[in-house]
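Novice: Numbering (my numbering), first residue to last: 7 to 544.
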RNA sequence: GCGGGCGUAGUUCAGUGGUAGAACAUCAGCUUCCCAAGCUGAGUGUCGAGGGUUCGAUUCCCUUCGCCCGCUCCA
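Rendered as structure tokens:
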């Protein structure tokens, strides 16, 4: 399989992906799409939108679906009322305080590091536990006896406190804190803020009361408009609302080409249904979304569906599955997330009604501050749904398939990139670089080529090109030998070539040539468009 | 954010303390009746950016930006 540098150099050489602001040395975590990349990306969005939204038939239950359902699309703003992110939980979650260990270079979440004070041989040290330790009591005991050089369980070692969070310890006292993997105390930095949301200011004044955030996901825009859509669109549950749009996250370490970017595009559906049917809908969406990648030509061997186990799940969720791809730049056996399909229960709608819910409470309760008030106040609006046929009112459960456009594009390119062998005109096998993209996704569907640049062939080929140009993405190429033109088409994934040759002059047929198996067949000049459409399935 | 490596033409790379080359790609022409053929010709780089040392820096030093790898992070 291709390496990351082979992928990035092909993407640059052929105009799929460039580094953003490359002229000025680039900017970490941002990417531009070139002419072919833009077409490919549009085709991915279009395939998703058609398959999920515009080609959806609300009168028939799709294969495997529990029932027929409605599906509409919306497009919401990137910047929203900041309260949205407080209620959604992103504000708390994305403003993590971290501490770094200067000795081991390890970083810990400030609120996750726990430990207890230990006293021996005249020294008092706060011994922290590794957050991943199976048994923090055991971990801390062993660390303490090693530090003080006393046997475990020795009466010399006294515990001066119970377990407590590092955040309860003053920063001045960090000199007496032993980090989980450090040899000596006092190696932890002061807690530092890592704000993962992009902050901006609305209006001309740069003051905190005008602060706002670029959305870190498109989903919240859908939740906020659930009631608007219901009230305006004559749709009933079960209902999917879809959106494609940009999102922004201040990733600490953008890496791996476009896989982890700070500006990225999402294709998300929030699917609203009755709580009693939500598990069946969850399974339906999980399986359907996985199949979508297969239908667009991703090799099943490179994809896996990873169901989160019970410990990873919030208790309110009946399931979350990641659709993952074996990106060639990841270590062998590792997969990277393309899409997450999550059963979110009524967490989001209820949070926007009542105030931010505590995801760890069971049953779900509004998170309160010390005064007993909601930590983050909800809208107070009623987002319950009334089924007018059964007269039942309920808060819908939500299934959320959330896909990354840029990640899908990268996976499609990685999966399609191949080097195989094809004979040259002397019959010897030569390396051929070919992009086996699905015809639906290919940026160029067909290349029209005169076999040689004489005998009127270019004129006929131009006529064919001109007839196709309003209907399919077509390229005309008369430069260089025919074999070289085929290879150029192969390298950018053009699935079909139409060649005007000597026989065309006699009987008005042209040669169609298939990118994948090099097969050829003849088609009448007047039937070119129909044949292209048949082949690419559009 | 930490540690390591790297940055020369569109791409892959060579090279030198005296301002740069190859292959492929690109463009033009000739030739060419089916899979990267041949011939002729052309263009391309402020050697990532800024500063320093030096008579002189792409080359040595510092800073910075970017890329890759490992940690960390990844709702």
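Every residue, glycine too, gets a C-beta built ideally from N, C-alpha and C.
With a threshold of 16 other CB atoms inside 10 Å of the CB of residue 359, please say whether the residue is buried or exposed.
Specialist: It counts as buried.
Novice: Just to confirm my understanding: we take residue 48, look at its own chain, exclude 5 residues before and 5 after, and list those with CB closer than 8 Å. What are they?
Specialist: Same-chain partners within the cutoff: there are none.
Novice: The beta strand (DSSP E) with residue 520 in it runs from where to where?
Specialist: Unbroken beta strand (DSSP E) run through residue 520: 515-520.
Novice: Could you check how far apart the C-beta atoms of residue 236 and residue 391 are, in whole angstroms? I think they sit under 8 Å.
Specialist: About 7 Å separates the two Cβ atoms, so the contact holds.
Novice: Please classify residue 527 as buried or exposed, where buried requires at least 16 other C-beta atoms within 10 Å of its C-beta.
Specialist: With fewer than 16 other Cβ atoms within 10 Å, it is exposed.
Novice: If I measure Cβ to Cβ from residue 304 and keep anything under 6 Å in the same chain, skipping five residues before and after, which residues do I get?
Specialist: So the qualifying residues of the chain are 421.
Novice: Is it the case that the Cβ atoms of residue 194 and residue 107 are separated by a distance below 8 Å?
Specialist: The answer is yes: Cβ separation under 8 Å.
Novice: Compare the C-alpha of residue 217 against each of 509, 206, 419 and name the closest.
Specialist: Cα-wise, what sits closest to residue 217 is 206.
Novice: With distances taken from CA atoms, which of 504, 393, 323, 182 is nearest residue 370?
Specialist: It is 323.
Novice: Name the DSSP bridge partner or partners of residue 326?
Specialist: For residue 326, which the question treats as bridged, DSSP gives the partners 348.
Novice: Using the three-state DSSP reduction, which class does residue 44 fall into: helix, strand or coil?
Specialist: Helix, per DSSP.
Novice: Work out the CA separation of residue 340 and residue 496 for me, nearest whole Å.
Specialist: Rounded to the nearest angstrom, the two C-alpha atoms are 29 Å apart.
Novice: Among the residues of its own chain, which have a CB less than 8 Å from the CB of residue 364, if the five just before and after it don't count?
Specialist: These residues qualify, in order along the chain: 370, 371, 372, 373.
Novice: With burial defined as no fewer than 16 other Cβ atoms inside 10 Å of the residue's Cβ, what is the status of residue 375: buried or exposed?
Specialist: By the neighbour-count rule (16 or more Cβ atoms within 10 Å), residue 375 is not buried but exposed.
Novice: With a threshold of 16 other CB atoms inside 10 Å of the CB of residue 169, please say whether the residue is buried or exposed.
Specialist: Classification for residue 169: exposed.
Novice: Thinking just about the alpha-carbon of each residue, which of 70, 448, 453, 189 is nearest to the one in residue 44?
Specialist: Comparing Cα-Cα distances from residue 44 to each of 70, 448, 453, 189, the minimum goes to 448.
Novice: Using a threshold of 8 Å, state whether the C-beta atoms of residue 135 and residue 121 are closer than that.
Specialist: It is a contact, given that the beta carbons lie within the stated cut-off.
Novice: Nearest by alpha-carbon distance to residue 540: which of 331, 445, 476, 165 is it?
Specialist: Nearest option by C-alpha distance: 445.
Novice: Would you identify the three-state DSSP class for residue 283, choosing helix, strand or coil?
Specialist: Reduced to three states, the DSSP call for residue 283 is helix.
Novice: What are the boundary residues of the alpha helix (DSSP H) that includes residue 553?
Specialist: Within the shown structure, residues of the chain are numbered from 7 to 544, placing residue 553 beyond reach of any answer.
Novice: Would you kindly work out how many angstroms separate the C-alpha atoms of residue 11 and residue 501, rounded to a whole number?
Specialist: C-alpha separation (whole angstroms): 25 Å.
Novice: Determine whether the beta carbon atoms of residue 531 and residue 470 lie at a separation below 8 Å.
Specialist: Against a cut-off of 8 Å, the Cβ pair of residue 470 and residue 531 comes out as a contact.
Novice: Starting from residue 206 and walking both ways along the beta strand (DSSP E), at which residues does that stretch end?
Specialist: Run containing residue 206: 205-207, per the beta strand (DSSP E) assignment.
Novice: Leaving out five residues before and five after residue 478 in sequence, what residues of the same chain have Cβ atoms less than 8 Å from its Cβ?
Specialist: Within the same chain, residue 478 has close Cβ partners 451, 452, 535, 538, 539, 542, 544.
Novice: Who does residue 400 pair with in a DSSP beta bridge?
Specialist: The partner list for residue 400 (beta bridge, DSSP) reads 391.
Novice: Using the three-state DSSP reduction, which class does residue 57 fall into: helix, strand or coil?
Specialist: Correct three-state label for residue 57: helix.
Novice: Taking only the alpha-carbon atoms, compute the straight-line gap between residue 16 and residue 499 and give it to the nearest angstrom.
Specialist: Approximately 12 Å between the Cα atoms of the pair.
Novice: Cα-Cα, which of 22, 35, 19, 516 is closest to residue 262?
Specialist: Of the listed residues, the one whose Cα sits closest to residue 262 is 35.
Novice: Just confirm the distance between the C-beta atoms of residue 231 and residue 399, as a whole number of angstroms; I'd bet it's less than 8 Å.
Specialist: With a Cβ gap of about 20 Å, residue 231 and residue 399 do not count as contacting.
Novice: Since residue 97 is in the alpha helix (DSSP H), which residue starts that stretch and which ends it?
Specialist: Start and end: 96-99.
Novice: Measuring only the C-alpha atoms, how far is residue 286 from residue 98?
Specialist: If I take the Cα positions, the gap works out to 32 Å.
Novice: Got a sec? Which residues, its chain only, sit under 7 Å from residue 96 by beta carbon, not counting five neighbours each side?
Specialist: Cβ within range, chain order: 203, 222.
Novice: Determine the extent of the alpha helix (DSSP H) in which residue 233 is found, giving its start and end residues.
Specialist: 225-238 is the span of the alpha helix (DSSP H), which, as asked, contains residue 233.
Novice: Locate the beta strand (DSSP E) running through residue 502, then write down its first and last residues.
Specialist: Per DSSP, residue 502 belongs to the beta strand (DSSP E) from 502-506.
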